[in-house]
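These protein sequence lines map, in sequence, to chains A and B. Just so it is clear: in the first sequence, position 75 is 165 by the numbering used here, and no numbers are missing. Just so it is clear: in the second sequence, position 385 is 1450 by the numbering used here, and no numbers are missing. Glycine residues also receive a C-beta, built at the ideal position from the N, C-alpha and C atoms. Here's the structure we're looking at; comments come further down.
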Amino acid sequence: MIKAAENISELINDLAPAAAVRRVRVRVLRQDTAGGESYWERFEVPYEANMNVISVLQKIAAQARTQDGRRVAPVAWDCSCLEEVCGSCTMLINGSTRMACSALVDKLLEENGGEIELRPMSKFPVVRDLAVDRRRLFRSLERVQAWVPVDDSYDHGPGPRISPEKQQDAYPLAECISCGCCLEACPQFTKIEVTRREGEPEAEFETRRRQAFDAAFLGAHAISQAMLFNSHPTGGMIADERLETLTGKGGIQMCGNAQNCVAVCPKRIPLTRSIARAGRAATVWAFKRFFDR
Amino acid sequence: MAQPRILVIGGGLAGLAATMRLAELGVHVDLISLVPVKRSHSVCAQGGINSVNALTRQQGDNEWQHFDDTVYGGDFLQHQPPVKEMADWGPRIVDLMDRLGVPFNRTIEGFRDQRRFGGTLYKRTSFAGATTGQQLLYALDEQVRRHEVGGLVKKHEFWDFLAPVRDDSGRCRGAICQDLVTMEFRAFPADAVVLATGGNGLVYGRSTMSMICTGSAVSRAYQAGAWYGNGEFVQVHPTAIPGADKLRLMSESARGEGGRVWVPRTPQDPRDPRDIPEAERSYFLEERYPKYGNLVPRDIATREIFDICTTEGLSVEKDRLCVYLDLTHIPRETLDRKLGGILEIYEKFQGVDPRSMPMKIFPAVHYSMGGLWVDYERSSDGGMEEGSPRNQQTNIPGLYAIGECDYQYHGANRLGANSLLSCIFSGLFVAPTLARVAGVAGGGDTGRLFEAELRRQEERHRELLSRTAGTENPYGLHQELGNLMTRVATVVRRNDQLAEAYGEVCEMEERWRRCAVSDTGNWTNQNVVFTKAVGDMFPVAKLVLKGALQRDECRGAHFKPEFSMPGIAATDPVEKRAEAELWCDRFEENSAKWLKSTIAACGPDGHPEITYQDVDTSLIPPRPRLYGLVGAEVIEEVWKERLAARAAANGHAQGAVAMAAAH
C-alpha cells in the first residue's frame, strides 16, 4: 500500500531547473488588424532545454517587451492542444509551414543561425500577428460533403463490417487535423481575402464570402477527405455527388502536381495518393456520365 | 423569440452530440466555441471508449458489470441511476459512432477490435488507433457540419461565454458572449443554455489538458449561482510525458496493449534500461496488484508511481521524477497499428523511439471528476427518465451541463475510456430534454435583462483594459497558482498545506486585481481574455482546496495519508478476522460520514459555501475498494457477511445478488 510521502509532493512535475543564461532571439512578422500593414519586431527570451515555439511565444506574451525593452502588446497566435492533434498553431517557422507546438527550438536554432523567424500563413487572411482566418478550409469540407450521410443518430445496430486492410487504408486519411499546411505549401491554392463592405449586413457578407470560396480551389485536404468518405461503405452512397464537386469549379483539375502538400503534412497523410485516386475516379465517373446521357 | 433556440456552449464531444441530436429533432442551435469545434480538447483523448460488446458478453460481461466497475472504480461517489443509464447506452453509442464512420480498429473478420483498460477485467474498449477521441470528435463534427449546411445549426467559433442571463424568477434565458476577434459583446437569448465546456486543468498550470481548458465558463456559471459538485476530485493520470509547456498524455492504452511499468531495483541505475536484466527490475504494479497488474485504476497507479519515486527513491532519474513505461517487448507492427498516434507524440517531443527504448513518464493532472452539479430524474427501472426537464439541469432552471464539466458520472475516480462515453452519452441524452424545454420556457420581455448583463460585462472588460499601470503579471500569477495547486492538491493532500494554500490563493486573487494588461486594444486581444480567465480560476481553486481540506478521508483520487486505512497486519487467522471486523466498522463509520457529494455554492463574499448531499447508492451497495490491500480477502469475507445479514434483514435482495455477481 501507499506510504506517506513527507513534503515531497512539491517535486511533482517539476523539471530540473535549466541554466537560464542563454537567450533565444526571435523575429516576428506582426500585423495589428485584418488588412493592416505588417511589420517586423524582434524579441528575446531565456533559453530552456527542450523548449518549443509555443513556450517561446508564451514567454513573449508574459514579458510583452521587444528585444530593446519597448513595451508592446503580446504577439497573438492560435494554439490549443500543444501535441499536434488540434491543428491550431500552424505558422511559417524559419520559412516553412509547420505546427508551432512540435517545432523544437534546439533544432530551429541549428537550422537558422541562432535566430527563429515566425510569420503568419500567407494563404489565409491575417486576423492579427500569427493568427489567421482558416474558415475557407472548413468550407471546403462542406463542399465535398465530408461526412457519412446517415439517416439519423438513433440505434440501427453497428456500422458496416470493414476489413482491417480497409481500416488501415482509411485511418491515416481520417487523421487530418485541418491545420492547413498542405494549402499553405500548394502553388495552386491562392489567398482569398473578402472584406466586409461598409454597412453590409452580416448574412450578405457571409454569402459573398462563401461564393468566393466556392469558385476557388478546394485544396488537398478536402480532396483527401472526399476520397476517405467515398471509400466508406455508407459514405460512398453519395460518391457521385462528391465526384461532381471534384470535377467542378475549383476541383482536382486545379492540382498542378507540385506534391508540396504531401511533403509538409505534419501527419504524413498520403495526400498525393488521394489526389491520384480522385483523378482516376473522376475520369471513370465522367465517362460513365457521358455514356449514361 | 421567433423560433425555439438552444444555446450550446462548447463544441467537444458532449456539445456536438447534443447539437447533432437537437438538430435532428428540428431544434435550432447556436453553438459557441473558443476555437473551431474540430479543435476542441476531445481530440486529445487517445485510448478508446468503453461499452459491453458481443465478445465480453459471452465471457460473462453485461451492462450491469460495466455499471458496477464504474461505481466501484469511482469509490461509490456517483449517484447510481445516471451511471446505470450510461452503461446501458454504451453498446448503442459505440454502434452509432461506428455508423458515423469512425475508423475503429478491426479484427481479421472485420468486427470492431477491443482492448482492455484500467479497472476492469474485460476487453470493453473500442479504439481507433491511439487517437480515438480525435476520431469520435471528427465524426460528430462532420454530422454537425451537415446540419449547419441544412440551416439548423449556427456556429459561433472564436467566441467566449461570459455569463448566463437570468430572469426575475431565476431562470436562465440565454447568455452574454464575446467575439474573440472583434471583441464585440452579444446577447444570445435561448430557451435553454447547455454548458459543455470541459475540464479545468489550467487551474493547475501545466496538465494534460489543452490551453483552452481554463474552466472559465464553469467558473462564470458558478459565480452566477450554479453549484459545483465534488470539486476536490481531480484525476492525476499515471502516465504523462513531462514538458515545459504541457504534460503530454501517454495513454492508458499503452498498458492496455501490454505496456509494463518498472523501475530499476538499484536507485538511478546508470545503465541503458535495455541492458538491465529482468531480475534487477521492479515491475511494482504487477507485483503489488497481481489481479489488475498494470491496469489498476488510475488513482492507484498514480499514487504507486509517485510513491516509488518519492518515498522509495527509485525514480529513474535523479533530478527529475519518472519511471519506465516499456513497450519494447511488443512487435513494432502491432505498436504502429494500435498505438501509432501516441508513440509519434513521444518520438516527436522527446526525440526517442518508444518502440525500441522504454519511455520515461510521470503522473500529471488530467481530468476533472468534479464539475457543475446537475440533477436527474430516476426512472422506474433505476436509470434516468428520458426527456425529463430535470436531467443534466443545474440548480439554475434552464441552465444545463454535460460532458466533463458536469460532476455526474465518475465519482471519486474516473475509469479510463469512460469519459468519451459519458461525454457522448450526456450530450445525446440531454437533447430530448432540451427539445421539450424549447419553445415553452419563459416569455415576457427579457430585453432589459440582456442589456443589463451586457453592460456589466462591457464594464468588466473596460475596467480590465484600463489597468495598464498594474504591478502584477497575469501569466506569472497563473504559473504561481498552478505550482501551488499542483503541490498541495494533487496526489497527496495534507490539511496544513491545504489550509495554508487557501490563504495564498485568496492573496493571489487580491493580487490579480492589480494585474496589468499589456494590450489595451479592442481587436483579437488575447491578453485581456487570458487575464479574465485567470481571474476566474481563483473561485475554482478555492472550492477545490476547501472541499479537499474538509474531506477528512481517502476516497478515489482524494488521498490524505492521515486518514488512510491500511490493510490487515495480523497473521494469525483469529486476529486477522478480528482486525477485519474493526476495519469494516471503521469503513462503515467513514461511509456514514463521507459517502456524500460535496456541493459548493459561491458565497456573497466569493468564498465557497460547502454542503453535503447523500449519494443515491440504491442499486449497488457500496463496498470497500480493496485493490491490492493486504488482507483484502478477509475484509471482503467479513463485508459480504455483513451485507448478506443486512439484506436478509431489510429485503435488499437485489443488491446482494448484484454484489455476489460482481465477484
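Cutting at 6 Å between CB atoms, please list the residues of its own chain near residue i, excluding the five before and the five after it.
i               : result
residue 1453(B) : 1442
residue 1222(B) : 1098 and 1101
residue 365(A)  : 313 and 345
residue 310(A)  : 272, 351 and 361
residue 1696(B) : 1632 and 1633
Nearest-angstrom Cα distance between residue i and residue j?
i               : j               : result
residue 1388(B) : residue 153(A)  : 35 Å
residue 1162(B) : residue 1201(B) : 7 Å
residue 1068(B) : residue 1093(B) : 8 Å
residue 375(A)  : residue 260(A)  : 21 Å
residue 1714(B) : residue 1705(B) : 14 Å
residue 1126(B) : residue 1251(B) : 50 Å
residue 283(A)  : residue 1572(B) : 47 Å
residue 1656(B) : residue 1189(B) : 30 Å
residue 303(A)  : residue 1212(B) : 20 Å
residue 308(A)  : residue 1311(B) : 34 Å
residue 1536(B) : residue 1579(B) : 6 Å
residue 1654(B) : residue 1631(B) : 16 Å
residue 1175(B) : residue 268(A)  : 29 Å
residue 103(A)  : residue 1386(B) : For residue 103(A), the predicted model reports a pLDDT of 37, less than 50, meaning its position is unreliable; a value from the coordinates is still stated below. Spanning the two alpha carbons is a distance of roughly 7 Å.
In three-state DSSP terms, what is residue i?
i               : result
residue 308(A)  : coil
residue 1699(B) : helix
residue 1427(B) : strand
residue 167(A)  : coil
residue 1567(B) : helix
residue 1449(B) : strand
residue 1667(B) : strand
residue 179(A)  : coil
residue 269(A)  : coil
residue 385(A)  : Residue 385(A) is absent from the model: chain A starts at 91 and stops at 383.
residue 1287(B) : helix
residue 1314(B) : strand
residue 1274(B) : coil
residue 1203(B) : helix
Considering only their Cβ atoms, is the gap separating residue j from residue i smaller than 8 Å?
i               : j               : result
residue 191(A)  : residue 144(A)  : yes
residue 1274(B) : residue 1588(B) : no
residue 348(A)  : residue 277(A)  : yes
residue 1369(B) : residue 1182(B) : no
residue 1426(B) : residue 1400(B) : no
residue 1293(B) : residue 1665(B) : yes
residue 1242(B) : residue 1225(B) : yes
residue 1261(B) : residue 1079(B) : yes
residue 1599(B) : residue 1543(B) : yes
residue 328(A)  : residue 254(A)  : no
residue 243(A)  : residue 1151(B) : no
residue 189(A)  : residue 220(A)  : no
residue 1404(B) : residue 1712(B) : no
residue 195(A)  : residue 114(A)  : yes
residue 1551(B) : residue 1254(B) : no
Among the options, which one has its Cα closest to the Cα of residue i?
i               : options                               : result
residue 215(A)  : 195(A), 352(A), 128(A) and 156(A)     : 128(A)
residue 1307(B) : 1299(B), 1300(B), 1410(B) and 1090(B) : 1410(B)
residue 264(A)  : 321(A), 308(A) and 277(A)             : 321(A)
residue 1326(B) : 1678(B), 1311(B), 1131(B) and 1351(B) : 1351(B)
residue 1339(B) : 1291(B), 1360(B) and 1392(B)          : 1392(B)
residue 1564(B) : 1544(B), 1343(B), 1614(B) and 1690(B) : 1614(B)
residue 1703(B) : 1688(B), 1693(B) and 1692(B)          : 1688(B)
residue 122(A)  : 210(A), 369(A), 228(A) and 201(A)     : 210(A)
residue 1123(B) : 1187(B), 1112(B), 1584(B) and 1193(B) : 1187(B)
residue 1285(B) : 1303(B), 1265(B) and 1295(B)          : 1265(B)
residue 1108(B) : 1197(B), 1276(B), 1216(B) and 1519(B) : 1197(B)
residue 325(A)  : 1381(B), 1164(B) and 1267(B)          : 1164(B)
Leaving out five residues on either side along the sequence, give the residues of the same chain with a beta carbon under 8 Å from the beta carbon of residue i.
i               : result
residue 1046(B) : An answer regarding residue 1046(B) cannot be provided, because it is not within the stretch 1066 to 1728 covered by chain B.
residue 1457(B) : 1259, 1439, 1440, 1441, 1465, 1466, 1467, 1471, 1473, 1491, 1494, 1495 and 1498
If I measure Cβ to Cβ from residue i and keep anything under 7 Å in the same chain, skipping five residues before and after, which residues do I get?
i               : result
residue 1263(B) : 1075, 1077, 1106, 1278, 1468, 1469 and 1470
residue 231(A)  : 312 and 315
residue 372(A)  : 333, 336, 337 and 342
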